[in-house]
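Enquirer: This is the structure, below, for whatever I ask next.
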Amino acid sequence: MITVTEATTTAGALGRLSDQGVSIWLDDLSRRRIDSGNLAELVETKNVVGVTTNPSIFQAAIGSGEGYEEQLADLAVRGVTVDEAVRMMTTADVRAAADVLRPVYEATGGRDGRVSIEVDPRLAHDTVATVAEAKQLAWLVDRPNVMIKIPATRAGLPAITEVLAAGISVNVTLIFSLERYREVMDAYLAGLEKARAAGLDLSAIHSVASFFVSRVDTEIDKRLTLLGTEEALALKGRAALANARLAYAAYEQVFGSASGATPAGERFAALAAAGAHPQRPLWASTGVKDPAYKDTLYVDELVAPGTVNTMPEATLNATADHGDITGDTVTGGYEQARADLAAVERLGISYDEVVQQLEDEGVAKFDKAWQDLLDAVTKSMDSKGVDAE
Numbered sequence: 010m011i012t013v014t015e016a017t018t019t020a021g022a023l024g025r026l027s028d029q030g031v032s033i034w035l036d037d038l039s040r041r042r043i044d045s046g047n048l049a050e051l052v053e054t055k056n057v058v059g060v061t062t063n064p065s066i067f068q069a070a071i072g073s074g075e076g077y078e079e080q081l082a083d084l085a086v087r088g089v090t091v092d093e094a095v096r097m098m099t100t101a102d103v104r105a106a107a108d109v110l111r112p113v114y115e116a117t118g119g120r121d122g123r124v125s126i127e128v129d130p131r132l133a134h135d136t137v138a139t140v141a142e143a144k145q146l147a148w149l150v151d152r153p154n155v156m157i158k159i160p161a162t163r164a165g166l167p168a169i170t171e172v173l174a175a176g177i178s179v180n181v182t183l184i185f186s187l188e189r190y191r192e193v194m195d196a197y198l199a200g201l202e203k204a205r206a207a208g209l210d211l212s213a214i215h216s217v218a219s220f221f222v223s224r225v226d227t228e229i230d231k232r233l234t235l236l237g238t239e240e241a242l243a244l245k246g247r248a249a250l251a252n253a254r255l256a257y258a259a260y261e262q263v264f265g266s267a268s269g270a271t272p273a274g275e276r277f278a279a280l281a282a283a284g285a286h287p288q289r290p291l292w293a294s295t296g297v298k299d300p301a302y303k304d305t306l307y308v309d310e311l312v313a314p315g316t317v318n319t320m321p322e323a324t325l326n327a328t329a330d331h332g333d334i335t336g337d338t339v340t341g342g343y344e345q346a347r348a349d350l351a352a353v354e355r356l357g358i359s360y361d362e363v364v365q366q367l368e369d370e371g372v373a374k375f376d377k378a379w380q381d382l383l384d385a386v387t388k389s390m391d392s393k394g395v396d397a398e
């Protein structure tokens with residue numbers, strides 16, 4: 010039996026990270042991980058208190074076929090479409106993972122114990138379809154600790170508001186820019202205001218804002234390397250942390266100690282009085298892409314209270330083994346963060362261009378992974394002698 014005490018008292022770096030107010034979520038899911046007891050073990054021994062998924066994760070899990078053979082055969086016999094087959098498998102996995110994490114959810118009052126599932130990435134630029142898909146996913150999973158992931162595209166913003174207004178908890182994903190992050194927080198407040206007007210219990214609605222980290226360094230470092238000057242090379246590995254730290258500064262202005270001084274902070278204060286929770290920043294894409302950097306860079310350097318860090322298992326294990334968790338590494342770094350991004354801009358690298366490119370690439374990457382998954386499932390169902398179209 011998993012208890013919150015077991016899940017939050019692990020000694021070492023992971024325990025220190027939890028003690029600093031960082032919720033550790035696993036950025037991975039597969040049926041084998043659930044059925045083998047591995048997910049439960051990570052909750053019990055490595056402070057994992059949540060799970061995130063995305064189309065790439067499901068493509069890797071279901072594309073392998075392992076653990077899905079019987080369900081695939083049954084779906085093929087029923088003659089379901091490939092889209093329905095994928096939805097049945099992914100929601101089954103999320104439902105099972107949510108059951109594993111239910112004790113954590115209960116013990117933390119819904120703050121953690123969450124499992125996220127993303128809307129079909131092909132709907133990223135369709136507000137109405139995203140809302141409908143989010144409601145359908147929440148109904149299919151049918152667990153109070155599910156979070157529906159909605160990308161922070163231009164069309165995604167009003168969808169976020171409408172889904173929250175329906176009382177569904179949301180994980181906003183694919184956030185790269187500070188401006189878009191502020192729009193996401195505004196969409197969250199608007200959703201809560203609509204939910205309150207509809208008489209819903211705000212205390213039952215939770216949200217995180219997934220701010221992507223390593224991909225910012227990957228793109229900006231590439232451009233700094235092309236410039237090749239001493240000044241440019243000295244800035245490598247600094248933009249992503251600067252971006253994330255300034256996102257936390259923006260979070261504080263709305264939900265934290267500095268919130269009373271801003272109109273958005275005043276809006277949230279009124280909602281908090283009605284039971285609303287802050288929308289926590291979630292550090293996503295925290296696996297280091299450049300082998301020249303320490304493999305726990307985006308964990309060690311993004312420690313701040315009230316945040317979530319969702320890690321691939323390799324990063325989770327690395328943090329457990331040699332993470333350097335010494336306290337808050339975010340709130341004292343705002344001035345340096347602004348200076349680092351300004352220095353990048355002075356070299357002719359456009360921040361706005363980079364973050365828009367990363368958003369476009371992120372949507373395209375998940376779209377391709379989803380299509381690859383559909384293709385793999387189609388092939389598997391066809392091999393069983395049933396037309397999956």
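Position 265 (the sequence shown) corresponds to 274 in this note's numbering; numbering is contiguous. Cβ coordinates follow ideal geometry from the N, Cα and C atoms, glycine included.
Give me, in chain order, the residues of the same chain whose beta-carbon lies closer than 6 angstroms to that of K203; leave out the 5 immediate sequence neighbours on both sides.
Expert: Taking the first residue of the sequence shown as 1, we reach residue 203 at position 194. Correct list, in chain order: A174.
Enquirer: In the DSSP output, which residue or residues are listed as bridge partners for L291?
Expert: For this step, residue 291 is matched to residue 282 along the sequence shown. According to DSSP, L291 bridges with S219 and V317.
Enquirer: Taking the alpha-carbon positions, what's the S125 to V103 distance?
Expert: Taking the sequence shown and counting its residues from 1, one reaches residue 125 at position 116. Taking the sequence shown and counting its residues from 1, one reaches residue 103 at position 94. Looking at the two C-alpha atoms, the distance is approximately 7 angstroms.
Enquirer: Does the distance from the C-beta atom of P160 to that of L183 stay below 8 angstroms?
Expert: Reading the sequence shown from its first residue, position 151 is the one you call residue 160. Reading the sequence shown from its first residue, position 174 is the one you call residue 183. Contact: yes.
Enquirer: Mapping DSSP to helix, strand and coil, what is I358?
Expert: Here residue 358 is taken as the residue at index 349 of the sequence shown, counted from 1. It is coil, neither helix nor strand.
Enquirer: Can you tell me whether L382 is buried or exposed, with buried defined as 16 or more other CB within 10 angstroms of its CB?
Expert: Within the sequence shown, numbered from 1, the residue matching residue 382 stands at position 373. Classification of L382: buried, given that the 10 Å Cβ count is 16 or more.
Enquirer: When you compare the CB positions of F221 and S294, do they come within less than 8 angstroms of one another, or not?
Expert: Numbered from its first residue, the sequence shown carries residue 221 at position 212. Numbered from its first residue, the sequence shown carries residue 294 at position 285. A contact, by the Cβ cut-off of 8 angstroms.
Enquirer: Below 8 angstroms on the Cβ atoms is my guess for Y114 versus N63; work out the distance and round it to an integer in Å.
Expert: Against the sequence shown, residue 114 aligns to sequence position 105. Against the sequence shown, residue 63 aligns to sequence position 54. That belief does not hold up - the Cβ atoms of Y114 and N63 are roughly 21 angstroms apart, past 8 angstroms.
Enquirer: For G200, collect the residues of the same chain with a Cβ closer than 6 angstroms to its Cβ; drop the 5 residues on either side in sequence, then sort them by chain order.
Expert: As a first step, residue 200 must be located in the sequence shown, where it is residue number 191. Closer than 6 angstroms at Cβ, skipping near neighbours: T170, L173 and A174.
Enquirer: F185 and V225: beta carbons closer than 8 angstroms?
Expert: Sequence index remark: in the sequence shown, residue 185 carries index 176 (1-based). Sequence index remark: in the sequence shown, residue 225 carries index 216 (1-based). Taking 8 angstroms as the Cβ cut-off, F185 and V225 qualify as a contacting pair.
Enquirer: Quick check: G119 and A329, are their CB atoms within less than 8 angstroms of each other?
Expert: Counting from one through the sequence shown, the residue named residue 119 turns up at place 110. Counting from one through the sequence shown, the residue named residue 329 turns up at place 320. Their beta carbons are not under 8 angstroms apart, which means G119 does not touch A329 by this criterion.
Enquirer: Start and end of the alpha helix (DSSP H) containing L255?
Expert: Taking the first residue of the sequence shown as position 1, residue 255 is located at position 246. Here the alpha helix (DSSP H) through L255 covers A248 to F264.
Enquirer: Have a look at Q365, V317, Y260 and I229 and flag the residue whose alpha-carbon is nearest the alpha-carbon of K298.
Expert: As a working mapping, residue 298 is identified with position 289 in the sequence shown. Taking only the C-alpha atoms, the option nearest K298 is I229.
Enquirer: Contact between the segment 317-333 and the segment 248-256 is defined here as three or more beta-carbon pairs at a separation below 8 angstroms; is this criterion met?
Expert: With the cut-off at 8 angstroms, the segment 317-333 and the segment 248-256 do not touch.
Enquirer: A106 and I43 - do their beta-carbons sit closer together than 8 angstroms?
Expert: As a working note, residue 43 is residue 34 in the sequence shown. As a working note, residue 106 is residue 97 in the sequence shown. Cβ atoms of I43 and A106: closer than 8 angstroms.
Enquirer: Out of G88, D361 and G341, point me to the one whose CA is closest to L350's CA.
Expert: Residue mapping note: residue 350 aligns to position 341 of the sequence shown, counting from 1. The residue with the shortest Cα to Cα distance from L350 is D361.
Enquirer: According to DSSP, is L38 part of a helix, a strand, or is it coil?
Expert: As a position in the sequence shown, residue 38 is number 29, starting the count at 1. In the structure shown, L38 sits in coil (DSSP, three-state: anything other than H, G, I, E or B).
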